[in-house]
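Peer 1:
Residue numbers (the UniProt record's numbering), protein chains in the order written: chain H, 1 to 260; chain X, 1 to 195.
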C-alpha cells in the first residue's frame, strides 16, 4: 500500500500544501514488483493482477471452503454460499427459462467476479478491477458475442426475427427493425460502461471528499460525507453486479426465444 | 487531463521542474489522463481478467456448483421424505382414532344388548314369581273363604239352636206347652227371612 502512495507522488511530483486532488490516481495500473514507471506488459504482474487474484480467492473461499461442510443443516458460511447459488439459479431460471440453466455456471462466474471485485474495490487503498472499461468491455462484449452466437446456432436465420416485429403494422416494421438493430449493437456498450461508470464515479467522489478532509474546518463534514457515500457505494457494488447479471440473463433469453 | 497539468505548473521547485519532464512524459503515455483510457494497460487488464474468469469458472463448475447443488437437492429430498413420513404417521393416527371410536361404539352396543337381555331375563323371572305369588294368594284366599263360610255356617246353626232353645224357654215361661216342631218351624222361617 505504501508503494501505491509512493507511486502517486512520483507521478504527480511533491505536493506542497494546498488542496490537491488526484481522484483518478487510484485507478492507475502499476507493476506490483520492480521499479515504479516500469512498463506494463500484458504479462506483468500488476496491482490489477493482485486484486483479481484476491477476487478469485474470495469466490473460492465462500463457495468452496465456506460450503465444505455439505451439511443438511448448513453452517453460516454454507448458507451464505447456498443463498448466492440459489439466488443466481432462480434468477437465471425465472428470467431466461429452464433451458438457460445450461449457461448457469457462466452467469454465476460473471456475477461472482463482478460482485466480489466491486466489494474488494471498496476496501480503502485497494484497486477496483471493475472500474476499468477494458475489464467491463471484455465482460460486456463477451456476453454480447456469446449470446449472438448462441442465438444463431440455436435458431439460424430465424434469430433475425428478434428484429422483425410481426405484431407491428407492416409499414412500421422496417423502421422498428432498424431501431432494434441499433439498440442491439448498443447493448454491450451500455452494458459495460454502466458498470465501470458507476464504480469510477463512486470511487472518485469518495476521493474528492477525502481531499477536502485536509481542511480542518470541513473535515468532519467531509468524513460524514465519505461515510454516507461509502454506504451508498456498498449498495451500488451489489446492485451493479446484479444489474449486469440480470441483463445477461435477459440477453440470453432473447437468444433462446428470439420471437417476440 | 488539464487540472493535473495546472497543478504541475503551480509546483515550481527545482525537483518539481525535474519531475515535470517525467510527468508530461507519463501523461503522454496515459492519453487523456484517465487511467481507464490508457491503452497501455489494456493488454495487461484483459489478460489477467481472462485468467481470473477462467479460474473462477473452473472452480465453480468443477467444485462449488455441483457440491452446493447436491447439498440443496439432498436437503429438498430430506424435507420431502420427512413430510411424506409425517403425512403417513398422521394417516395412521387417524386410522387408530377411527378404530378406537369403532371399538367404543361396539362396546356400547354390546353393553346395551347385555343390559336388555338381563332386563328381559329378570322380567321373565319376575313374571314367573308374580304368577306363583298370585296363585298362592288365590289359594290362600280360597282357603280363607272356605274357612269363613264354615265358620259362618257353624255360627248360623248355633244361632238357630240357641233361638229354638230360647223360643221354647219363652213359650214354657209364658205357660204354654212348647210344641217342638212348630217352634223350629217358626225360628227357621224367621231366620230364613233374615238371611
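We put the CB at the ideal spot given by N, CA and C, even for glycine.
Computed from a prediction, not measured in an experiment: that's the story for all the values here.
Would you say residue 189 of chain H faces chain X, with C-beta separation under 8 Å as the test?
Peer 2: What you label residue 189 of chain H is simply residue 189 of the first chain in a count that begins at 1. Not one chain X Cβ lies under 8 Å of residue 189 of chain H.
Peer 1: Looking at C-beta atoms only, is the number of pairs between the stretch 152 to 169 of chain H and the stretch 205 to 223 of chain H that lie closer than 8 Å three or more?
Peer 2: With a cut-off of 8 Å, the stretch 205 to 223 of chain H and the stretch 152 to 169 of chain H do not count as touching, because too few Cβ pairs lie within range.
Peer 1: With 8 Å as the C-beta to C-beta threshold (strictly closer), list the residues of the stretch 99 to 127 of chain X near chain H in chain order.
Peer 2: Taking 8 Å as the Cβ-Cβ cut-off against chain H, none of the residues of the stretch 99 to 127 of chain X qualify.
Peer 1: Inspect the beta-carbon positions of residue 24 of chain H and residue 45 of chain H and report whether they are closer than 8 Å.
Peer 2: The residue labelled residue 24 of chain H in the question sits at position 24 within the first chain. The residue labelled residue 45 of chain H in the question sits at position 45 within the first chain. Not closer than 8 Å, so no.
Peer 1: Report the neighbours of residue 43 of chain H on chain X: residues whose CB is nearer than 8 Å to its CB, in chain order.
Peer 2: For this step, residue 43 of chain H is matched to residue 43 along the first chain. Going along chain X in sequence order, the residues near residue 43 of chain H (Cβ under 8 Å) are 44, 47.
Peer 1: Whole angstroms is fine: what's the gap from residue 225 of chain H's alpha carbon to residue 37 of chain X's?
Peer 2: Translated into positions along the first chain, residue 225 of chain H becomes position 225. Translated into positions along the second chain, residue 37 of chain X becomes position 37. About 28 Å.
Peer 1: Identify every run of the alpha helix (DSSP H) within the stretch 92 to 135 of chain H, keeping only runs that are complete inside it and at least 4 residues long; order them along the chain.
Peer 2: Segments of the alpha helix (DSSP H) lying fully in the stretch 92 to 135 of chain H: 104 to 121.
Peer 1: Note the first and the last residue of the continuous alpha helix (DSSP H) segment covering residue 252 of chain H.
Peer 2: As a first step, residue 252 of chain H is located in the first chain; it is residue number 252 there, counting from the start. Run containing residue 252 of chain H: 219 to 256, per the alpha helix (DSSP H) assignment.
Peer 1: Do you know how far the Cα of residue 132 of chain H is from the Cα of residue 141 of chain H?
Peer 2: Here residue 141 of chain H refers to the residue found at position 141 when the first chain is read from its first residue. Here residue 132 of chain H refers to the residue found at position 132 when the first chain is read from its first residue. Their backbone Cα atoms lie some 14 Å apart in a straight line.
Peer 1: Just to check my reading of the structure: residue 51 of chain X and residue 67 of chain H have Cβ atoms closer than 8 Å, yes? What is that Cβ distance to the nearest angstrom?
Peer 2: Taking the first residue of the second chain as 1, we reach residue 51 of chain X at position 51. Taking the first residue of the first chain as 1, we reach residue 67 of chain H at position 67. In fact, because the Cβ distance is near 24 Å, the residues do not count as touching under 8 Å.
Peer 1: Run through the DSSP bridge pairs and tell me what residue 31 of chain H is partnered with.
Peer 2: For the purposes of this step, residue 31 of chain H is taken as the residue at position 31 of the first chain. In DSSP, residue 31 of chain H forms a bridge with H:46.
Peer 1: Run through DSSP, which three-state label would residue 164 of chain X get?
Peer 2: To locate residue 164 of chain X, count along the second chain from 1; it is residue 164. Of the three classes helix, strand and coil, the one that applies to residue 164 of chain X here is helix, per DSSP.
Peer 1: Could you give the first and the last residue of the continuous alpha helix (DSSP H) run that contains residue 191 of chain H?
Peer 2: Position 191 of the first chain holds residue 191 of chain H. From DSSP, the alpha helix (DSSP H) with residue 191 of chain H extends over 173 to 212.
Peer 1: Restricting to Cα atoms, I'd like to know which of H:84, H:77, H:57 is closest to residue 65 of chain X.
Peer 2: The residue you call residue 65 of chain X lines up with position 65 of the second chain. Closest by alpha carbon: H:84.
Peer 1: The stretch 63 to 88 of chain X: which residues have C-beta closer than 8 Å to a C-beta of chain H, in chain order?
Peer 2: Flagged, chain order: 63, 64, 65, 67, 68, 69, 70, 71, 72, 74, 75, 78.
Peer 1: Could you name the residues of chain X that residue 112 of chain H contacts, counting a contact when the two beta carbons are closer than 8 Å?
Peer 2: Working through the first chain from its first residue, we reach residue 112 of chain H at position 112. Within chain X, the residues near residue 112 of chain H are 56, 60.
Peer 1: For residue 21 of chain H, which of helix, strand or coil comes out of DSSP?
Peer 2: Numbered from its first residue, the first chain carries residue 21 of chain H at position 21. In the structure shown, residue 21 of chain H sits in coil (DSSP, three-state: anything other than H, G, I, E or B).
Peer 1: Flag this pair as yes or no: are the beta carbons of residue 35 of chain X and residue 27 of chain H separated by less than 8 Å?
Peer 2: Locating residue 35 of chain X in the second chain gives position 35, counting from the first residue. Locating residue 27 of chain H in the first chain gives position 27, counting from the first residue. A contact, by the Cβ cut-off of 8 Å.
Peer 1: Could you pull out every residue in the same chain whose Cβ sits closer than 6 Å to the Cβ of residue 54 of chain H, ignoring the five residues on either side in sequence?
Peer 2: The count along the first chain starts at 1 and reaches residue 54 of chain H at position 54. These residues qualify, in order along the chain: 120.
Peer 1: Using 8 Å as the threshold, is the C-beta distance between residue 116 of chain H and residue 64 of chain H below it?
Peer 2: Here the question's residue 116 of chain H lines up with position 116 in the first chain. Here the question's residue 64 of chain H lines up with position 64 in the first chain. No. Outside cutoff.
Peer 1: Which residues bound the alpha helix (DSSP H) around residue 44 of chain X?
Peer 2: Counting from 1 along the second chain, the entry for residue 44 of chain X is found at position 44. That run of the alpha helix (DSSP H) goes 42 to 59.
Peer 1: Does the pairing of the stretch 86 to 100 of chain H with the stretch 234 to 252 of chain H give three or more beta-carbon distances under 8 Å?
Peer 2: Touching, yes, given that three or more Cβ pairs across the two stretches are closer than 8 Å.
Peer 1: If you compare alpha carbons, which of H:82, H:70, H:249 is closest to residue 150 of chain H?
Peer 2: The residue given as residue 150 of chain H occupies position 150 in the first chain. Among H:82, H:70, H:249, the Cα nearest to that of residue 150 of chain H is on H:249.
Peer 1: When you compare the CB of residue 96 of chain X with every CB in chain H, is at least one pair closer than 8 Å?
Peer 2: Translated into positions along the second chain, residue 96 of chain X becomes position 96. Output row for residue 96 of chain X: interface = no.
Peer 1: Verify the CB distance criterion: does residue 93 of chain X have a CB-CB separation below 8 Å to chain H?
Peer 2: Working through the second chain from its first residue, we reach residue 93 of chain X at position 93. Output row for residue 93 of chain X: interface = no.
Peer 1: From residue 209 of chain H to residue 135 of chain H, what distance separates their C-alpha atoms?
Peer 2: Numbered from 1 along the first chain, position 209 holds the residue referred to as residue 209 of chain H. Numbered from 1 along the first chain, position 135 holds the residue referred to as residue 135 of chain H. Using only the alpha carbons, I get a separation of about 26 Å.
Peer 1: Could you give the C-beta distance for residue 47 of chain H and residue 127 of chain H, rounded to a whole number, given that I count them as a contact under 8 Å?
Peer 2: As a working note, residue 47 of chain H is residue 47 in the first chain. As a working note, residue 127 of chain H is residue 127 in the first chain. The Cβ separation is near 5 Å, so the contact holds.
Peer 1: Output yes or no for whether 8 Å exceeds the beta carbon distance between residue 181 of chain H and residue 163 of chain H.
Peer 2: Locating residue 181 of chain H in the first chain gives position 181, counting from the first residue. Locating residue 163 of chain H in the first chain gives position 163, counting from the first residue. Yes.
Peer 1: Does the separation of the CB atoms of residue 130 of chain X and residue 160 of chain X fall below 8 Å?
Peer 2: Taking the first residue of the second chain as 1, we reach residue 130 of chain X at position 130. Taking the first residue of the second chain as 1, we reach residue 160 of chain X at position 160. No, Cβ-Cβ distance for residue 130 of chain X and residue 160 of chain X is not below 8 Å.
Peer 1: What number of angstroms, rounded off, separates the C-alpha of residue 135 of chain X from the C-alpha of residue 97 of chain X?
Peer 2: Numbered from 1 along the second chain, position 135 holds the residue referred to as residue 135 of chain X. Numbered from 1 along the second chain, position 97 holds the residue referred to as residue 97 of chain X. Distance between the alpha carbons of residue 135 of chain X and residue 97 of chain X: 56 Å.
Peer 1: How about residue 47 of chain X and residue 42 of chain H: do their beta carbons lie closer than 8 Å?
Peer 2: Counting from one through the second chain, the residue named residue 47 of chain X turns up at place 47. Counting from one through the first chain, the residue named residue 42 of chain H turns up at place 42. The answer is yes: Cβ separation under 8 Å.
Peer 1: Among the residues of its own chain, which have a CB less than 6 Å from the CB of residue 77 of chain H, if the five just before and after it don't count?
Peer 2: Within the first chain, residue 77 of chain H is the residue found at index 77, counting from 1. Correct list, in chain order: 66.
Peer 1: Against chain X, does residue 205 of chain H count as a neighbour if the rule is that its beta carbon must be under 8 Å from one of theirs?
Peer 2: Residue mapping note: residue 205 of chain H aligns to position 205 of the first chain, counting from 1. It does not; no Cβ of chain X falls within 8 Å.
Peer 1: With DSSP run on the structure shown, which of helix, strand or coil describes residue 39 of chain H?
Peer 2: One-based indexing of the first chain puts residue 39 of chain H at position 39. Correct three-state label for residue 39 of chain H: coil.
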